[in-house]
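Novice: So the sequence shown is numbered by numbering that gives the first Met the number 0: it starts at 0 and just counts up by one.
Pasting a structure here, questions to come.
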Amino acid sequence: MNDPVVKLENVWKIFGDRSSEAMQAVLDDGLTKPEVLEKYKCVVGVQGASFEVARGEIFCIMGLSGSGKSTLVRHVNRLIEPTAGKIEILGQDVSSLSDRDLRRIRAQQIGMVFQHMALLPHRSVRDNVAYPLEIRKMPKSKRWAVSDHVLGLVDLTGYEDRLPRELSGGMQQRVGIARALASDPEILLMDEPFSALDPLIRLQLQDQFKALVAQLRKTTLFITHDLDEAIRIGHRIAIMKDGVIVQIGTPEDIVMNPADEYVRDFVQGISKLKLVKAHSIIESMDSYPGSLDGAPRADESADLDALIDLAVGTDLPVVITQDGADIGIVSKPRLLRGLQGGKDERRNQ
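Okay, structure coming up:
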């Protein structure tokens, strides 16, 4: 990955009075999380996390409650200090920053959105959004202009003078996103921002957020416990368990090739129709013994839904193309395997 915006290398977080001793014991003796708790009364929150996030990428970190996902993301802006490891933001080692530089990075380069927005109840929507700029001593006319602009980006034009209590939950969440965008940060940290919303509103905000991030080219770390949400908006997903990153990959990679039973259990209920593409289930042209004359054709980026539409009208496989050239086929048995996703084929042999 060229010039990552966010880079973590072997980050550990151990909570407790004896965290340094516990960390050394992990390195020297390979102590496990339960052993650290028993011997040192310390809790291992994150274990050896490493990843890079490219400019403009939405990188989702997901896992069940207690998996370490929120702990991990709070290292990026140093709300939590790592026990070991290195965090770089825009090429800068975060741990080496002075308090002044850290405040500047937080104010100008990183925007954070939480599940509960903590909007100031006595301030208007406009003033809530402009509040970070007010702290930076920006003139009122300029910060109001910025506030009105970002409120337009999240479809809240006309609500500038309303108080938070006059808005719905989804609208309040959009105010929070606008507030994070007001400083024009390079990085957005989103900690389960939509999890408290009704399902329909949540889907609408997911779509709106993904389009907005693509438009503004914001690098985003998005925390969620919902795999459907991660698949819907993420370019890549990191799945965590007990502080460990179990697997990192595209939504299609994770669904088709789960790293272990834990990931497989996560993905087993996910619909593959719009997710899995032809290139993931392609077979050799030689695997079909007969003639392919009259066989339907589809690009390698076609999803299962489109391939099924083509397959139902013929006994022939679907020929897959790349830049107009035939590169393989997808047979009906292979389509069924695609619908099963990461199911181990050996179980049925």
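Each residue gets a CB set at the ideal place from its N, CA and C atoms; glycine is no exception.
Going straight from the alpha carbon of residue 38 to that of residue 13, what length do you get?
Specialist: As a position in the sequence shown, residue 38 is number 39, starting the count at 1. As a position in the sequence shown, residue 13 is number 14, starting the count at 1. Straight-line Cα distance between these residues: approximately 13 Å.
Novice: Helix, strand or coil: which one does DSSP assign to residue 280?
Specialist: Counting from one through the sequence shown, the residue named residue 280 turns up at place 281. Helix at residue 280.
Novice: Leaving out five residues before and five after residue 200 in sequence, what residues of the same chain have Cβ atoms less than 6 Å from its Cβ?
Specialist: In the sequence shown, residue 200 corresponds to position 201, counting from 1. Taken in chain order, the residues that qualify are 169.
Novice: Does the segment 255-272 come close enough to the segment 41-48 that 3 or more CB-CB pairs lie under 8 Å?
Specialist: The segment 41-48 is not in contact with the segment 255-272.
Novice: What is the DSSP secondary structure of residue 46, counted as helix, strand or coil?
Specialist: For the purposes of this step, residue 46 is identified with residue 47 of the sequence shown, where counting begins at 1. Residue 46 falls in the strand class under three-state DSSP.
Novice: Rounded to whole angstroms, what's the CA-CA distance from residue 205 to residue 58? Just pull it up for me.
Specialist: Here residue 205 corresponds to residue number 206 of the sequence shown, with the count starting at 1. Here residue 58 corresponds to residue number 59 of the sequence shown, with the count starting at 1. The alpha-carbon atoms of residue 205 and residue 58 are separated by roughly 14 Å.
Novice: Given a cut-off of 8 Å, decide if residue 239 and residue 67 are closer than it, judged by their beta-carbon atoms.
Specialist: The sequence position of residue 67 within the sequence shown is 68, counting from 1. The sequence position of residue 239 within the sequence shown is 240, counting from 1. Yes. Within cutoff.
Novice: With burial defined as no fewer than 16 other Cβ atoms inside 10 Å of the residue's Cβ, what is the status of residue 323: buried or exposed?
Specialist: Taking the first residue of the sequence shown as position 1, residue 323 is located at position 324. Residue 323 is exposed by the Cβ-count criterion.
Novice: Closest by CA to residue 292, which one among 325, 279, 267, 307?
Specialist: The residue labelled residue 292 in the question sits at position 293 within the sequence shown. It is 325 whose Cα lies nearest to the Cα of residue 292.
Novice: To the nearest angstrom, report how far apart residue 287 and residue 231 are at their CA atoms.
Specialist: Mapped onto the sequence shown, residue 287 falls at position 288. Mapped onto the sequence shown, residue 231 falls at position 232. Whole-angstrom Cα-Cα distance: 35 Å.
Novice: Helix, strand or coil, according to DSSP, for residue 56 in the structure here?
Specialist: Here residue 56 corresponds to residue number 57 of the sequence shown, with the count starting at 1. Residue 56: coil per DSSP, three-state reduction.
Novice: On the DSSP bridge assignment, give the partners of residue 84 in chain order.
Specialist: Position 85 of the sequence shown, counting from 1, holds the residue named residue 84. Answer by DSSP bridge pairing: none, since residue 84 is not bridged.
Novice: Are the CB atoms of residue 329 and residue 315 within a distance shorter than 8 Å?
Specialist: Indexing the sequence shown from 1 puts residue 315 at position 316. Indexing the sequence shown from 1 puts residue 329 at position 330. Against a cut-off of 8 Å, the Cβ pair of residue 329 and residue 315 comes out as no contact.
Novice: Are at least three pairs of beta-carbons, each pair with one atom in the segment 179-186 and one in the segment 218-236, less than 8 Å apart?
Specialist: Because the criterion of three Cβ pairs below 8 Å is met, the segment 179-186 and the segment 218-236 touch.
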